[in-house]
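Using our numbering, count along the sequence shown one by one with no gaps and you end on 468.
For every residue, glycine included, the Cβ atom is placed at its ideal position computed from N, Cα and C.
Since we're looking at a predicted model, the values are computed, not measured.
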Amino acid sequence: ADGEAERAAAAKKAKRAAEVAKVDHTTERELAAASTDSASTLQTAVVYPKAASAELDPPEISALATYVVRHGGNTHMIAGWTTNQHTRLTGANAGQTYFDFMAPADAHGQVARFRSKLEVARHLGLRP
Numbered sequence: 341a342d343g344e345a346e347r348a349a350a351a352k353k354a355k356r357a358a359e360v361a362k363v364d365h366t367t368e369r370e371l372a373a374a375s376t377d378s379a380s381t382l383q384t385a386v387v388y389p390k391a392a393s394a395e396l397d398p399p400e401i402s403a404l405a406t407y408v409v410r411h412g413g414n415t416h417m418i419a420g421w422t423t424n425q426h427t428r429l430t431g432a433n434a435g436q437t438y439f440d441f442m443a444p445a446d447a448h449g450q451v452a453r454f455r456s457k458l459e460v461a462r463h464l465g466l467r468p
C-alpha cells in the first residue's frame with residue numbers, strides 16, 4: 341500500500357511539473373499578441389489562496405516563480421500574486437486563452453497588472 345501511495349504521489353508531482361513546463365514555455369510574444377480589446381475577450385478572474393508550499397501553487401504562478409528565480413530573484417518576490425485568465429471570443433485566435441499576472445494591492449488599494457513574465461521581472465527590478 342505504501343508503494344502504491346508513493347507511485348501516485350510521484351505521478352501527481354510529474355503531472356504538475358509537466359503543467360508548469362508547458363506554461364513556462366509560453367513566450368512573451370504569444371502573450372503580447374493577444375488583444376486587450378475587452379469586446380473580443382472574456383476575462384475570468386483566477387484567484388488562488390496563498391499556498392503553504394510551491395507544490396500547491398497554480399501552474400501559471402509556479403512558472404512565474406521559476407522565471408523570476410532564473411533571472412536573479414526569489415520566490416518571496418511574488419508571494420500573493422494572482423492571475424487572470426482571458427479567452428478570445430472573436431477573430432483568428434477565438435477560443436484561445438492567455439493569462440496576465442496581478443501583483444498584490446499596494447497601500448492605496450491599487451493592483452498592478454502585467455501581461456508577461458518579462459514585465460513582472462522588470463517591475464521587480466530584475467534584468468532578464
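- Exclusion of the five residues before and after F454 leaves D440, F441, V460, H463 as the residues of its chain whose Cβ lies within less than 7 Å of its Cβ.
- Beta-carbon to beta-carbon, L466 and G412 are separated by about 5 Å, close enough to satisfy the 8 Å threshold.
- Excluding the 5 residues flanking it on each side, A445 has same chain C-beta neighbours closer than 8 Å at V451, in chain order.
- A348 counts as exposed, since fewer than 16 other C-beta atoms from the protein chains shown sit within 10 angstroms of its C-beta.
- As computed with DSSP, T406 is found in no beta bridge at all.
- The C-alpha of E400 is placed about 15 Å away from the C-alpha of R410.
- Exclusion of the five residues before and after A434 leaves R428 as the residues of its chain whose Cβ lies within less than 7 Å of its Cβ.
- Membership of H426 in the beta strand (DSSP E) is indicated by the continuous run 422-428.
- Nearest Cα to W421 within the set A432, G431, V408, G343: V408.
- With 16 or more other CB atoms across the displayed protein chains lying within 10 angstroms of its CB, A405 is buried.
- Shown here, R453 sits in a strand according to DSSP, grouped into three states.
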